[in-house]
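Chains as they are written, first to last, in the numbering used here: chain U, 2 to 116; chain A, 200 to 311.
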Amino acid sequence: AQSVTQLGSHVSVSEGALVLLRCNYSSSVPPYLFWYVQYPNQGLQLLLKYTSAATLVKGINGFEAEFKKSETSFHLTKPSAHMSDAAEYFCAVSDLEGGSEKLVFGKGTKLTVNP
Amino acid sequence: ETGVTQSPTHLIKTRGQQVTLRCSSQSGHNTVSWYQQALGQGPQFIFQYYREEENGRGNFPPRFSGLQFPNYSSELNVNALELDDSALYLCASSWGLNSPLHFGNGTRLTVT
């Protein structure tokens with residue numbers, strides 16, 4: 002079964018600083034990988050998706066992620082943090098086990114942006 | 200385009216009771232998935248419905264059941280509620296399999 006591990010349950014950065022949120026996956030086949038963002042009292046919003054077309058994936062709100070097969074990683078980055086980026090971020094892998102497509106999520110990383 | 204809507208937004212139930220949560224999928228979507236998100240955790244897959252049939256189930260007991268209607272809206276039913284069922288329940292719709300999931304804002308269930 003697929004799994005993801007997000008390193009760091011909390012990350013704190015200053016406004017304007019680089020954002021780096023870490024995700025490692027475990028997959029026996031080439032995976033589909035996702036990053037979602039969750040704002041307080043809201044559902045999940047898709048930031049970006051990796052489907053093997055390109056290793057560097059650009060998403061919304063200036064975020065991007067790089068798929069590194071040798072490191073089994075899919076880290077999320079943003080060059081310059083904005084106050085509005087404060088939220089919880091979830092990495093997920095698509096699992097087709099059993100014939101249905103389900104997402105297997107990491108435990109999440111809460112991003113705090115300090116002024 | 201109407202997004203995924205869930206009702207109610209909040210619910211308080213007593214242990215042993217039954218609850219029904221509702222989800223209206225995004226226009227044009229025929230697949231609905233339900234996830235449970237416990238406090239401080241990532242969402243966990245409960246089950247998926249595709250064209251009114253269950254199309255996969257996660258590691259949840261049979262007291263978690265669901266339905267999908269001809270208009271592709273869906274219900275999640277939980278019987279014999281337990282304290283550990285307290286969580287945010289998320290519904291997500293998509294057009295078929297392998298397409299992006301669109302999540303609703305969830306229903307916050309508290310079991311006392």
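Glycine included, C-beta positions come from ideal geometry on N, C-alpha and C.
C-beta atoms of residue i and residue j nearer than 8 angstroms
i, j, result
"valine 231 (chain A)", "serine 264 (chain A)", "no"
"asparagine 115 (chain U)", "serine 28 (chain U)", "no"
"glutamine 43 (chain U)", "asparagine 304 (chain A)", "yes"
"serine 292 (chain A)", "proline 299 (chain A)", "no"
"leucine 104 (chain U)", "alanine 93 (chain U)", "yes"
"threonine 208 (chain A)", "threonine 311 (chain A)", "no"
"serine 71 (chain U)", "tyrosine 33 (chain U)", "no"
Run of the beta strand (DSSP E) containing residue i, from where it starts to where it stops
i, result
"tyrosine 90 (chain U)", "88-96"
"tryptophan 36 (chain U)", "34-39"
"histidine 11 (chain U)", "11-15"
"valine 20 (chain U)", "20-27"
"leucine 220 (chain A)", "218-223"
"glutamine 243 (chain A)", "243-249"
"leucine 313 (chain A)", "This structure does not reach residue 313 (chain A), given that chain A is present from 200 up to 311, and the question cannot be answered."
For residue j and residue i, the rounded distance between their alpha carbons
i, j, result
"glutamine 205 (chain A)", "proline 31 (chain U)", "33 angstroms"
"glycine 255 (chain A)", "histidine 301 (chain A)", "18 angstroms"
"lysine 108 (chain U)", "phenylalanine 259 (chain A)", "18 angstroms"
"alanine 2 (chain U)", "valine 218 (chain A)", "30 angstroms"
"leucine 275 (chain A)", "isoleucine 245 (chain A)", "9 angstroms"
"leucine 22 (chain U)", "tyrosine 288 (chain A)", "25 angstroms"
"asparagine 25 (chain U)", "asparagine 270 (chain A)", "38 angstroms"
"histidine 267 (chain A)", "glycine 295 (chain A)", "The residue asked about is misnamed: residue 267 (chain A) is glutamine in this sequence, not histidine. Cα to Cα, the separation comes out at about 14 angstroms."
"glutamine 216 (chain A)", "glycine 241 (chain A)", "25 angstroms"
"arginine 214 (chain A)", "glutamate 281 (chain A)", "5 angstroms"
"phenylalanine 68 (chain U)", "isoleucine 211 (chain A)", "42 angstroms"
"serine 53 (chain U)", "phenylalanine 75 (chain U)", "12 angstroms"
"tyrosine 51 (chain U)", "serine 4 (chain U)", "15 angstroms"
"alanine 279 (chain A)", "arginine 221 (chain A)", "18 angstroms"
"tyrosine 234 (chain A)", "phenylalanine 106 (chain U)", "10 angstroms"
"alanine 55 (chain U)", "aspartate 283 (chain A)", "41 angstroms"
"threonine 110 (chain U)", "threonine 309 (chain A)", "24 angstroms"
"leucine 8 (chain U)", "glutamine 243 (chain A)", "19 angstroms"
"glycine 63 (chain U)", "leucine 48 (chain U)", "9 angstroms"
"alanine 286 (chain A)", "proline 261 (chain A)", "18 angstroms"
Reduced DSSP category for residue i - H, G, I as helix; E, B as strand; rest coil
i, result
"leucine 282 (chain A)", "helix"
"asparagine 62 (chain U)", "helix"
"lysine 70 (chain U)", "helix"
"serine 85 (chain U)", "helix"
"asparagine 115 (chain U)", "strand"
"phenylalanine 268 (chain A)", "coil"
"alanine 237 (chain A)", "coil"
"glycine 215 (chain A)", "coil"
"threonine 208 (chain A)", "coil"
"glutamate 102 (chain U)", "coil"
"histidine 228 (chain A)", "coil"
"lysine 108 (chain U)", "coil"
"phenylalanine 259 (chain A)", "coil"
- Query: Should the segment 84-95 of chain U be regarded as contacting the segment 36-51 of chain U, the criterion being three or more beta carbon pairs within less than 8 angstroms?
  - Reply: yes
- Does the segment 71-87 of chain U touch the segment 214-232 of chain A, meaning 3 or more C-beta pairs lie closer than 8 angstroms? no
- Item | Any 3 or more C-beta pairs closer than 8 angstroms across the segment 48-62 of chain U and the segment 237-252 of chain A | no
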